[in-house]
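Okay, so the sequence shown: first residue is 78 according to our numbering, each after it adds one. Glycine included, each C-beta is placed from N, C-alpha and C at the ideal position. As the structure is a prediction and not an experimental result, all values here were calculated from the model. To start, the structure itself, in structure tokens.
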Amino acid sequence: MNSFSSAATRRARKTFLATMVLAMVASCTEPINTPDPFAPGIDTSAEGEDEFTVGNRLMAAGEYELALKSFSRVALDEGLSARVLTSLGTANVGLRRLGQAEPLLRQAVEKEPDWPVGWNNLGVLLVEKGEYPEAAQVFQRAYALDNGESDAIRDNLRLALAKMENPVNNTPQEQEFELEQRGDGEFLLRKVQ
78 MNSFSSAATR RARKTFLATM VLAMVASCTE PINTPDPFAP GIDTSAEGED EFTVGNRLMA
138 AGEYELALKS FSRVALDEGL SARVLTSLGT ANVGLRRLGQ AEPLLRQAVE KEPDWPVGWN
198 NLGVLLVEKG EYPEAAQVFQ RAYALDNGES DAIRDNLRLA LAKMENPVNN TPQEQEFELE
258 QRGDGEFLLR KVQ
């Protein structure tokens with residue numbers, strides 16, 4: 078019985094030593110980096126994106142309803158400045174809510190009559206409504222206020238003048254336009270192909 082227990086003891090010691098050697102080898106190697114299965118946390122100390130910027134990005138993406146909501150939140154914070162009124166009106170033009178857009182855009186140009194972007198976006202609305210003579214006048218005013226520097230305003234003016242000169246070609250299918258953002262809330266009418 079003595080020889081049996083000593084053999085078992087030797088095996089236990091060998092197993093213990095082998096385990097110790099493996100543990101020491103494992104501690105010398107670099108740990109295996111596994112990717113974290115969880116999404117990164119939210120940085121609550123960081124400041125959120127400006128709602129006006131978010132609204133302009135949504136407009137550029139064609140998400141006019143979401144942009145309208147974003148601009149409405151800006152209106153709650155800032156009030157109804159010319160910039161906010163223009164943005165709300167332009168989002169409504171994108172949604173083809175022309176009756177809601179017009180008073181907003183007209184109020185914007187009354188508040189800030191020297192801001193070419195407001196006049197340009199009012200002109201975009203007027204082209205959408207088919208009121209080409211007034212649209213041409215509005216674009217001319219915007220172009221003059223901008224000192225002729227905006228390609229978008231110039232292109233919109235050309236479109237309104239062309240529509241005025243050739244009313245025969247103003248069939249409904251040719252009046253399908255899309256808003257294309259060109260900068261600080263300024264939009265260009267682009268014909269849908």
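Contact under 8 Å by Cβ, Val186 with Leu199: Numbered from its first residue, the sequence shown carries residue 186 at position 109. Numbered from its first residue, the sequence shown carries residue 199 at position 122. Result yes, Cβ atoms of Val186 and Leu199 sit closer than 8 Å.
Beta-carbon gap between Gly132 and Ala123 smaller than 8 Å: Numbered from 1 along the sequence shown, position 55 holds the residue referred to as residue 132. Numbered from 1 along the sequence shown, position 46 holds the residue referred to as residue 123. Inclusion of Gly132 and Ala123 in the CB contact set at 8 Å is not warranted, their separation being larger than that value.
Same chain, Cβ closer than 7 Å to Pro210, five either side skipped, listed in chain order: Here residue 210 refers to the residue found at position 133 when the sequence shown is read from its first residue. Within the same chain, Pro210 has close Cβ partners Met241.
Cβ pair Phe216, Asn197 closer than 8 Å: Sequence index remark: in the sequence shown, residue 216 carries index 139 (1-based). Sequence index remark: in the sequence shown, residue 197 carries index 120 (1-based). Their beta carbons are under 8 Å apart, which means Phe216 touches Asn197 by this criterion.
Three-way DSSP call (helix, strand, coil) for Asp154 in this model: Sequence index remark: in the sequence shown, residue 154 carries index 77 (1-based). Note: Asp154 maps to helix in three-state DSSP.
Under the three-state DSSP convention, the category Ser227 falls into: Locating residue 227 in the sequence shown gives position 150, counting from the first residue. In the structure shown, Ser227 falls within a coil segment according to DSSP collapsed to helix, strand and coil.
Chain-order list of residues whose beta-carbon lies under 7 Å from that of Ala213 (same chain, five-residue window excluded): Locating residue 213 in the sequence shown gives position 136, counting from the first residue. The residues are Leu234, Ala237, Leu238, Met241.
From Ala152, Leu172, Thr163, Val151, residue whose alpha carbon lies closest to that of Ala138: The residue labelled residue 138 in the question sits at position 61 within the sequence shown. Nearest of Ala152, Leu172, Thr163, Val151 to Ala138, Cα basis: Leu172.
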